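Just below is one structure, and these are the notes that go with it.
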Amino acid sequence: MVKNIRCISVIVFMAILTISLLILPLVLPPLPPPPLLLLFLPAVLLLFLIFLAFSPSLPPTDESG
């Protein structure tokens with residue numbers, strides 16, 4: 001019973017979120033474009049994550065000797 005209520009609440013939440021994402025851009029006034037540096041932020045984050053993914057990890061140090 002609790003799982004059923006939780007599933008229904010998740011579905012209702014996702015439906016409200018979808019409707020708000022469809023209606024809010026029509027109601028709100030258009031926003032000015034962001035600064036140019038802010039547009040490069042997702043690309044910089046992506047490059048940083050790719051760099052971290054392919055960089056070798058440090059081997060564990062042997063403390064006994």
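Number 50 in UniProt numbering belongs to position 50 of the sequence shown; there are no gaps in the numbering. Every residue gets a Cβ at the ideal spot worked out from N, C-alpha and C, and that includes glycine. The model shown is predicted, which means the values in this text are computed figures rather than measured ones.
query, result
"Same chain, Cβ closer than 7 Å to LEU41, five either side skipped, listed in chain order", "none"
"Residue span of the alpha helix (DSSP H) that contains PRO42, given as start and end", "41-54"
"Span separating the alpha-carbon of ALA43 from that of LEU28", "28 Å"
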